[in-house]
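Going by the numbering used here, the letters in the sequence shown line up with residues 34 to 212, in that order.
Below: the structure, in structure tokens.
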Amino acid sequence: MGKLLYGATMSLDGFIAGPNDDMSWLTDFFGPDPVADELVANVGSCLIGARTFWGNDPNAGTDQEGPFGGAWKGPQFVLTHRPHPEPVEDVTFVGDLATAIAESRAAAGDGYACVIGADVARQCLEAGELDEVLVFIAPILLGDGVRLFSHPGGADYRLERPRVHETPHATSLWYRVKK
34 MGKLLYGATM
44 SLDGFIAGPN
54 DDMSWLTDFF
64 GPDPVADELV
74 ANVGSCLIGA
84 RTFWGNDPNA
94 GTDQEGPFGG
104 AWKGPQFVLT
114 HRPHPEPVED
124 VTFVGDLATA
134 IAESRAAAGD
144 GYACVIGADV
154 ARQCLEAGEL
164 DEVLVFIAPI
174 LLGDGVRLFS
184 HPGGADYRLE
194 RPRVHETPHA
204 TSLWYRVKK
């Protein structure tokens, strides 16, 4: 069974998307990154939130569209109460978190089931299912948008000391979630 990993690129001030879910800022920070390459090589499936799946892919309509700038293809599980009316290649629409986690872990095999989307990542963390967090911190301040993690009223989830890697495009922090 795959490990559940939340992966995201974040602005220095904590946003993974700008105002109105704008993701276009990310394109300035794409570039060679051995940590991203390592992750992509080990992803077996993706568990994606509906807002992210239906959202603003900065690479829409290009060969870089999709998870990891189009560098990864495989089974995707979208957590949603409104499935797409038409079949979508490699995508399974799932209506509940437990099933989405189980199916994405099983599809990942020995690799990662990569969680994409802040809300679904929060739900996985709250359910005690999230194993790791990988954050690429981009050198930009957005000032508003979708936070990496938000829990009204606060929450206290402990992470182990990260593995750190720097490139000209981002600094990555790879954590294990303490259980």
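Beta carbons: idealized from backbone N, C-alpha and C, even for Gly.
Between Met-34 and Arg-138, the gap from beta carbon to beta carbon is short of 7 angstroms. Counting C-beta pairs closer than 8 angstroms gives fewer than three between the segment 105 to 117 and the segment 168 to 186, which falls short of the contact rule. CA-CA distance, Ala-41 to Val-168, rounds to 5 angstroms. The residues Asp-177, Gly-178, in chain order, have a CB closer than 6 angstroms to that of Pro-52 in the same chain once the five nearest residues on each side in sequence are set aside. Within 10 angstroms of the beta-carbon of Thr-60 lie fewer than 16 other beta-carbons, which makes it exposed.
Counting every other CB atom within 10 Å of its CB across the protein chains shown gives Arg-155 a total of 16 or more, marking it as buried. Taken through DSSP and simplified to helix, strand or coil, Val-124 comes out as strand.
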